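Per the working numbering, residue 557 is the first one in the sequence shown, and the count goes up by one each step.
Every residue, glycine too, gets a C-beta built ideally from N, C-alpha and C.
Bear in mind that the values here come from a model prediction, so they are computed numbers and not experimental data.
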Amino acid sequence: MARFKSYDYRQRLMIPVSLEDQIMYGTLEFAIQELIENRLDLSPFHEKYCNDKTGRPAINPKILLKIVLLSYSRGIVGSRRIEQACKENIVFMAMTCGYCPDHATIAEFVSGMSNQISPLFTQVLLICQEMGLLGGTYFAIDGCKLPGNASKKWSGTLKELKEKKESLEKKVDRLIQEHQELDKDLRSKNSDDEDSLDNFRKHKIEALNRQIKRINKFLDGAKPRIGKQKVELKSNVIDPDSAKMATSHGVIQGYNAQAIVDDKHQIILAGLASGEGNDNSQIPVILPILKQNLKTIGYKESDFKKATFVGDSGYFSVENLKACANEQLNTIIPDCNFRKRDPRLVEQKKYQPKGHGRYTLTQFKYEEMNDQYRCPAGKSLTSYAKQTMIHGRKCRLYVGKRETCGTCALRFQCMMKTAKRRTLAIPVQGQKLSITDAMKQKIDSEEGRKEYAKRMGTVEPVFANIRETKGLKRFTLRGKIKAGIQWLLWCMVHNIEKIGYSS
Ligand code: SF4
């Protein structure tokens, strides 16, 4: 017969624990502890406390900030889960010195730091600057869409929300009617189930009435959100600042978390949680934040103007390009067709023209002697003498012949479905390029491509670290300000980690 060691739960162990020893040198918790104890000035938090004469002493904001940063670094975002970690995890216990702040204290601390978060963020940046972690010459912007603490089923235009409310009211009426009929039946049968049926419908009706009340409260004085296209955007009843956004893994209700990263050590210089799913109007909002942060840590305006600023094709818009041009930045933001024009990628199937009207100018050869273009089928496109205005620029049109294009084997790849012949619009030389065309020309140049190639290695690992390694996948607080606080705290965790590894 097998024999096992006996065990007894009614015994007591005396385990000596040194709190200091739990925070080991070289770990992220050590970096957080060192920074908060010795480098960061948390006095701006003190003004929130009014217990100098009465009331019991509060938990030190240093302790609260330490556990918030530590828990965010481990993918723990909810205040109840942070409270639980403070009770069960020895590193959290060491960080709190045995105090266990409850979830309400933690939630209030995080959501109430709207005035303190930006100065705190720049203090961390200043330390990065002192340690030589900032290059200050190459900045890359990117964003990720993260779900907020609101369901997308509570989104809609004001008209849709009114309809939703009316349908809920009808549901309530139907339930009341059903209940009355059943009630009559049960009474006539003298059934014992009367109470349970009563309760079931009562709870259902109460829940629906709560939902109706919530929509009513929101609709009371609500104004429609009008987008850039002058159409009404969907509003969310639970979190009106958040937006419905399309992502690669479906539609979410949340925020677009933006960050500008320095290329030297991938330090985040500015962060922003935006309620707009589109990236094409984010730069005018985040650029002043970047400028202010750099100014606070000692950069001069002239240093900023020399910098290269890079974004992916999602940021290609007149609004973004103009904002960068106003700051005289060396901007590289490609349009979404730049890879199709790249001669190095012609062999790659992914970038080869497919479908209708996909042949670009690079596939046509200019013959100077005859002032004509030669198409991929070997036919000539001759020019009209008259110049035409296209998108505000004077262009010369080169056109193919109807009879050759109409019977050409390549017409499906070359022309739009409804076109009778192929036309090329070539801007007249010597004109001032539009801001978008100038950018296209820049990204098509050798230098432009070289600068753009650094973008991926600069900014993408930062988002990979925050989302995948740290496991920060959603905002738990509602409202743009509070989501912004959470995003800056996550950015700070990333920056502190860099400080920790560099010290
Ligand atoms: S459609 Fe016309 S322009 Fe295009 S490849 Fe054929 S002949 Fe040339």
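Within 10 Å of its beta-carbon, does residue i have 16 or more other beta-carbons around it, so buried, or fewer, so exposed?
i	result
Glu639	buried
Lys585	The sequence given here has Glu at residue 585, not Lys. Per the 10 Å Cβ criterion, buried.
Ala696	buried
Met801	buried
Cys700	buried
Gly654	exposed
His602	exposed
Arg1011	buried
Asn1064	Nothing about residue 1064 can be reported from this structure: the residues present for the chain run from 557 to 1059 only.
Gly1017	Looking at the sequence provided, one finds Pro at residue 1017 rather than Gly. Under this definition Pro1017 is an exposed residue.
Thr678	buried
Met972	exposed
Glu959	exposed
Lys1038	buried
Met995	buried
Gln733	exposed
Thr916	exposed
Tyr581	exposed
Ile839	buried
Met651	buried
Rounded to whole angstroms, what's the CA-CA distance from residue i to residue j? Just pull it up for me.
i	j	result
Ser670	Val680	16 Å
Gly962	Asp993	31 Å
Val866	Val728	54 Å
Ile999	Gln672	40 Å
Tyr940	Ala965	25 Å
Thr1025	Ile632	12 Å
Asn882	Asp891	20 Å
Tyr922	Glu903	21 Å
Asp797	Cys642	32 Å
Phe877	Thr864	The amino acid occupying residue 877 in the given sequence is Leu; Phe does not appear at that position. Taking the straight line from one Cα to the other gives about 13 Å.
Gly634	Val1049	16 Å
Gly1035	Gln969	48 Å
Arg766	Asp739	24 Å
Leu625	Ser1001	43 Å
Lys862	Val647	44 Å
Tyr907	Ser667	47 Å
Lys957	Pro899	27 Å
Ile823	Glu762	51 Å
Tyr1008	Lys820	15 Å
Pro600	Thr1014	33 Å
Ile579	Pro572	15 Å
Val874	Thr583	45 Å
Phe872	Leu850	24 Å
Thr661	Asn645	19 Å
Ser512	Met649	Within the shown structure, residues of the chain are numbered from 557 to 1059, placing residue 512 beyond reach of any answer.
Gly854	Ala826	15 Å
Ile592	Ser674	16 Å
Asp818	Phe560	60 Å
Lys498	Glu1003	This structure gives no information on residue 498, because the portion of the chain shown stretches from 557 to 1059.
Lys708	Thr803	14 Å
Leu1044	Cys656	24 Å
Does any heavy atom of ligand 1 sit closer than 6 Å to the C-beta of residue i?
i	result
Cys961	yes
Gly634	no
Gly956	yes
Lys906	no
Ala933	yes
Arg930	no
Leu966	yes
Cys892	no
Arg978	yes
Cys970	yes
Hey, would you say the C-beta of residue i is under 6 Å away from at least one heavy atom of ligand 3?
i	result
Pro796	No copy of ligand 3 occurs in the structure displayed; its ligands are ligand 1 alone.
Unbroken alpha helix (DSSP H) runs of length 4 or more, entirely within the stretch 852-908: which are they? 857-862, 874-882, 894-897
Which residue spans inside the stretch 629-703 form an unbroken alpha helix (DSSP H) run of at least 4? Taken in chain order, the whole alpha helix (DSSP H) runs of length 4 or more contained in the stretch 629-703 are 635-644, 646-652, 659-667, 673-686.
Output the residue ranges of the alpha helix (DSSP H) runs that lie fully inside the stretch 573-607 and measure 4 residues or longer, sorted by chain position. 575-578, 584-590
Within the stretch 758-824, ranges of the beta strand (DSSP E) (whole runs, at least 3 residues): 799-803, 806-818
Which runs of the beta strand (DSSP E) fall wholly inside the stretch 916-1000 and span at least 3 residues, in chain order? 921-923, 928-930, 936-946, 949-955, 979-983
Contiguous beta strand (DSSP E) assignments of at least 3 residues, all confined to the stretch 1008-1043: none
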